[in-house]
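One structure below.
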Amino acid sequence: MSHMQRKFSMKKLAFLVFFISGVVFGQHHEEKTSHTTTHKEQNSTLSLKEEFKKFKEHHIQDSHSFDFVSYKNDEGEKVHIGFPLPVILWDNGLKIFSSSKFHHGESVAEAGGNYYKLHHGKIYKTEANGLLNLDEHHHPTNVKPLDFSITKSIFFVIAVALLMFFIFSKIAKSYKTSALPTGLGRFLEPLILFIRDDIAIPNIGKKHYKKYMSYLLTIFFFIWIINLLGLTPLGVNVTNNIAITFVLAIMTYLFTTFTANKNYWKHIFWMPGVPIPMKILLAPIELLGTIIKPFALMIRLYANITAGHIVLMSILGMMVIAHNWLGSSLSFVLAFVLSLLELLVAALQTYIFTMLSSLYFGMAVEEHDEH
Amino acid sequence: MDKLLNDFSVGNAFWMTILFVGLILLLKKFAWKPILDSVEEREEGIKKALEAAEEAKKEMQNLNADNEKLLKEARAEREAMLKEAREIKEAIISEAKDEAQVAAGKMIDSAKASIEQEKQAAISGLKKQVAELSISIAESVVKKELASNNDQLQLVDQLLEKVTLN
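Top to bottom, those sequences are chains A and B.
The working numbering applies: residue 1 is where the first sequence begins, and numbers increase by one.
The working numbering applies: residue 1 is where the second sequence begins, and numbers increase by one.
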């Protein structure tokens with residue numbers, strides 16, 4: 001009984017840590033070293049590990065509802081604290097309903113005569129009984145309707161967009177009364193000037209940089225704010241959603257492609273200064289390069305943020321699973337140091353994304369003399 | 001890669017595109033353009049102010065140089081004036097000296113001439129007196145009738161003693 005109580009308090013502590021750090025528990029790969037553990041304890045540790053693994057997966061994934069915290073209550077029922085978000089499906093017509101209908105994947109939602117079930121963050125169309133047909137890899141084979149839901153990521157993008165609009169339009173207004181920045185502008189103006197003087201102008205050139213400034217500034221502050229908020233107790237990751245980084249990268253690609261001058265295309269399709277067979281050989285390579293560049297942008301941001309979150313969560317998980325004062329405190333110190341590192345990564349990845357985007361813009365508008 | 005494709009949500013990409021393009025356009029209109037414009041304006045203002053200050057400094061230097069030049073000129077002029085004045089003074093003095101010399105010479109000459117004249121007049125007066133005296137002596141001598149030679153000589157001596165020139 002006392003064991004159970006200790007387990008329970010450990011769990012409580014674990015959820016508290018989750019709440020504070022905003023990061024759920026990761027799995028740990030270390031075997032328990034204590035030889036005196038009972039069978040029962042091992043079982044419960046295993047289930048705890050399983051739970052962490054599920055938590056971690058859940059955390060990495062996008063979600064149809066906004067949960068701050070979820071835990072099992074005394075009766076063993078899962079309790080979620082948060083709010084539902086709208087689900088928008090295109091399945092022979094628009095279907096809009098609240099994600100609360102899914103009850104976090106536990107029940108079938110009915111909308112316009114169709115039945116839908118949430119399974120690992122994806123919505124599947126089912127019969128009224130809500131059964132999913134799983135294949136040998138445990139992937140459902142049910143039809144997936146086109147999902148245009150306002151998910152957690154999108155909800156957060158909206159929130160950050162509103163925040164940015166509010167902050168920066170306010171700063172813009174403050175310039176009308178005084179030539180010097182006031183309030184938050186004092187902190188943000190140097191950053192704006194940094195992007196202009198150290199990123200845009202050196203890479204793009206004084207002649208063309210102006211038309212790219214709005215994009216570079218928006219992308220810089222957007223990624224940075226969203227990366228930083230990903231480290232807060234809200235536990236939201238937007239930049240580890242591949243669809244989000246895809247859109248960011250594709251924008252850079254499209255902007256580069258549509259503002260490119262004759263010279264840029266000439267260097268891709270008919271590289272000057274090399275023999276004709278080489279020109280023919282280089283053209284597909286260069287063309288592929290234009291796609292690889294934004295692809296790398298997309299993967300770099302996605303992978304860095306995802307990896308950071310997984311490692312941080314794993315260490316936090318270790319803190320609970322280690323279950324002894326040395327391991328737990330070491331994990332805590334490690335998690336703390338890693339959080340600081342993640343702050344750096346958040347800013348660094350933002351800088352790299354902005355820097356490379358401006359580099360590509362610079363290539364698009366570069367004016368060569370004939371070689 | 002499979003996981004990446006599986007994770008990719010068309011719905012998310014759709015909303016993200018709309019939201020992000022909207023955000024860029026809105027911020028461009030309401031934030032970035034006004035901010036960058038006013039920052040640029042301020043920088044331009046600062047640049048202009050600095051240039052103006054530089055200009056003013058240069059002007060000041062020019063003015064100082066001008067002043068210096070004027071002062072130098074004034075000094076030179078004063079020097080020249082003083083020199084001239086000194087020359088004039090000297091010229092006047094020497095002229096005056098010359099004139100005085102000439103005048104003194106003339107005076108001396110005229111004095112000499114008048115002395116000569118006086119002398120001549122005195123001499124001629126003396127001559128006349130001497131003649132008269134001689135005549136009166138001769139008269140007395142003659143009158144007394146020359147008793148003796150000695151008496152005559154004594155008389156001449158007495159008479160001569162009586163004679164005082166002038």
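The C-beta atom is built at its ideal place from N, Cα and C for all residues, glycine as well.
Start and end of the alpha helix (DSSP H) containing residue 10 of chain B? Counting from 1 along the second sequence, the entry for residue 10 of chain B is found at position 10. 10-27 is the extent of the alpha helix (DSSP H) around residue 10 of chain B.
Along chain B, in chain order, which residues have C-beta atoms closer than 8 Å to that of residue 116 of chain A? By one-based count along the first sequence, residue 116 of chain A stands at place 116. Residues of chain B passing the Cβ test: none, with the nearest at roughly 14 Å.
Measuring only the C-alpha atoms, how far is residue 200 of chain A from residue 45 of chain B? Position 200 of the first sequence holds residue 200 of chain A. Position 45 of the second sequence holds residue 45 of chain B. Their Cα atoms are separated by approximately 22 Å.
Short of 9 Å Cβ to Cβ, which residues in the segment 210-229 of chain A face chain B? Of all residues in the segment 210-229 of chain A, those with a C-beta nearer than 9 Å to a C-beta of chain B are 210, 213, 214, 215, 217, 218, 219, 221 and 222, reading in chain order.
Residue 81 of chain B to residue 104 of chain B, Cα distance in whole Å? Position 81 of the second sequence holds residue 81 of chain B. Position 104 of the second sequence holds residue 104 of chain B. When rounded, the distance between both Cα atoms is 34 Å.
Cα separation between residue 95 of chain B and residue 84 of chain B? Taking the first residue of the second sequence as 1, we reach residue 95 of chain B at position 95. Taking the first residue of the second sequence as 1, we reach residue 84 of chain B at position 84. Cα to Cα, residue 95 of chain B sits roughly 16 Å from residue 84 of chain B.
Residues of chain B with a CB under 7 Å from the CB of residue 241 of chain A: which are they? Taking the first sequence and counting its residues from 1, one reaches residue 241 of chain A at position 241. Residues of chain B passing the Cβ test: 12.
Between which two residues does the beta strand (DSSP E) holding residue 207 of chain A run? Reading the first sequence from its first residue, position 207 is the one you call residue 207 of chain A. That residue, residue 207 of chain A, is in no beta strand (DSSP E); it is neither H nor E in DSSP.
Straight-line CA distance for residue 157 of chain B to residue 133 of chain B? Walking along the second sequence from the start, residue 157 of chain B turns up at place 157. Walking along the second sequence from the start, residue 133 of chain B turns up at place 133. Going by the C-alpha atoms only, they are around 13 Å apart.
Measure the Cβ-Cβ separation of residue 85 of chain A and residue 119 of chain A and say whether it is below 9 Å. Along the first sequence, one-based indexing puts residue 85 of chain A at 85. Along the first sequence, one-based indexing puts residue 119 of chain A at 119. At the C-beta level, residue 85 of chain A and residue 119 of chain A stay beyond 9 Å of one another.
Which of the three DSSP states is assigned to residue 144 of chain A in this structure? Along the first sequence, one-based indexing puts residue 144 of chain A at 144. Coil.
Where does residue 149 of chain A fall in DSSP's three states? Your numbering for residue 149 of chain A matches position 149 in the first sequence. Annotated three-state conformation of residue 149 of chain A is coil, per DSSP.
Separation of residue 289 of chain A from residue 364 of chain A, as counted between CA atoms: Numbered from 1 along the first sequence, position 364 holds the residue referred to as residue 364 of chain A. Numbered from 1 along the first sequence, position 289 holds the residue referred to as residue 289 of chain A. Within the model, the alpha-carbon separation for residue 364 of chain A versus residue 289 of chain A is close to 13 Å.
What is the C-beta distance between residue 23 of chain B and residue 306 of chain A, in whole angstroms, given that I count them as a contact (C-beta under 8 Å)? Here residue 23 of chain B corresponds to residue number 23 of the second sequence, with the count starting at 1. Here residue 306 of chain A corresponds to residue number 306 of the first sequence, with the count starting at 1. With 8 Å as the limit, residue 23 of chain B and residue 306 of chain A do not qualify as a contact, their Cβ atoms being about 23 Å apart.
The segment 117-136 of chain A: positions lying closer than 7 Å to chain B by Cβ: Within the segment 117-136 of chain A, no residue places its CB atom closer than 7 Å to a CB of chain B.
If you measure from the CB of residue 6 of chain B, is any heavy atom of the ligand PLP nearer than 8 Å? The ligand PLP is not among the ligands present in this structure, which contains no ligands whatsoever.
Could you name each continuous alpha helix (DSSP H) segment of 4 residues or more that falls completely within the segment 209-283 of chain A, going from the start of the chain to the end? The segment 209-283 of chain A contains these whole alpha helix (DSSP H) runs: 210-230, 242-259 and 262-269.
Could you tell me the alpha carbon to alpha carbon distance between residue 50 of chain A and residue 30 of chain B, rounded to whole angstroms? Taking the first residue of the first sequence as position 1, residue 50 of chain A is located at position 50. Taking the first residue of the second sequence as position 1, residue 30 of chain B is located at position 30. Cα-Cα distance, rounded: 49 Å.
Straight-line CA distance for residue 379 of chain A to residue 287 of chain A? Shown here, chain A extends from 1 to 371; a query on residue 379 of chain A therefore has no answer.
Residue 70 of chain B versus residue 42 of chain B - alpha carbon distance: Taking the second sequence and counting its residues from 1, the one referred to as residue 70 of chain B is at position 70. Taking the second sequence and counting its residues from 1, the one referred to as residue 42 of chain B is at position 42. The alpha-carbon atoms of residue 70 of chain B and residue 42 of chain B are separated by roughly 41 Å.
Apart from the five residues just before and just after residue 99 of chain A, which ones in its own chain have a Cβ nearer than 6 Å to its Cβ? Counting from one through the first sequence, the residue named residue 99 of chain A turns up at place 99. Counting only Cβ-Cβ distances below 6 Å, and skipping sequence neighbours, we find 64, 65, 84, 85 and 87.
Taking CB distances under 9 Å as the criterion, tell me whether residue 253 of chain A reaches chain B. Here residue 253 of chain A refers to the residue found at position 253 of the first sequence. Among the residues facing chain B, residue 253 of chain A is not included, as its CB has no counterpart in that chain under 9 Å away.
By the three-class DSSP mapping on this structure, what secondary structure does residue 178 of chain A have? Mapped onto the first sequence, residue 178 of chain A falls at position 178. Under the three-state reduction of DSSP output, residue 178 of chain A falls in the coil class, being neither helix nor strand.
Short CB-CB distance (under 9 Å) between residue 247 of chain A and chain B: The residue you call residue 247 of chain A lines up with position 247 of the first sequence. For residue 247 of chain A, at least one C-beta of chain B is nearer than 9 Å to its own C-beta.
If we ignore side chains and look at the alpha-carbon of each, how far apart do residue 75 of chain A and residue 11 of chain B end up? By one-based count along the first sequence, residue 75 of chain A stands at place 75. By one-based count along the second sequence, residue 11 of chain B stands at place 11. Using only the alpha carbons, I get a separation of about 37 Å.
Residues of the segment 23-38 of chain B whose Cβ lies closer than 7 Å to any Cβ of chain A, in chain order: Residues 23, 24, 26, 27, 28, 30, 31, 32, 34, 35, 36 and 38.
C-alpha gap between residue 111 of chain B and residue 119 of chain B, whole angstroms: As a position in the second sequence, residue 111 of chain B is number 111, starting the count at 1. As a position in the second sequence, residue 119 of chain B is number 119, starting the count at 1. Cα to Cα, the separation comes out at about 12 Å.
Can at least three beta-carbon pairs, one atom from the segment 140-159 of chain A and one from the segment 173-190 of chain A, be found at a separation below 8 Å? Touching, no.
Classify residue 177 of chain A: buried if its beta carbon has 16 or more other beta carbons within 10 angstroms, exposed otherwise. The residue you call residue 177 of chain A lines up with position 177 of the first sequence. Label assigned to residue 177 of chain A: exposed.
How is residue 164 of chain B classed by DSSP in three states: helix, strand or coil? The residue given as residue 164 of chain B occupies position 164 in the second sequence. If DSSP states are grouped into helix, strand and coil, residue 164 of chain B belongs with coil.
Assign residue 298 of chain A to buried or exposed, taking buried as 16 or more other Cβ atoms, counted over all protein chains shown, within 10 Å of its Cβ. Residue mapping note: residue 298 of chain A aligns to position 298 of the first sequence, counting from 1. Label assigned to residue 298 of chain A: buried.
Proximal residues of chain A, C-beta to C-beta of residue 50 of chain B below 7 Å: Indexing the second sequence from 1 puts residue 50 of chain B at position 50. Per Cβ cutoff of 7 Å: no residues; residue 50 of chain B is ~15 Å from chain A at best.
Against chain B, which members of the segment 155-167 of chain A pass a CB distance test of less than 7 Å? Result list: 157, 158, 161, 164 and 165.
Flag this pair as touching only if the segment 203-211 of chain A and the segment 351-364 of chain A have three or more C-beta atom pairs under 8 Å; answer yes or no. Taking 8 Å as the limit for Cβ pairs, the verdict is that the segment 351-364 of chain A does touch the segment 203-211 of chain A.
Assigned exposure category for residue 94 of chain A - 16 Cβ within 10 Å defines buried: Position 94 of the first sequence, counting from 1, holds the residue named residue 94 of chain A. When all chains shown are included, residue 94 of chain A counts as exposed.
Would residue 198 of chain A pass as an interface residue toward chain B - the criterion being a Cβ-Cβ separation below 9 Å? Working through the first sequence from its first residue, we reach residue 198 of chain A at position 198. Not closer than 9 Å to any Cβ of chain B, the Cβ of residue 198 of chain A fails to qualify, so no.
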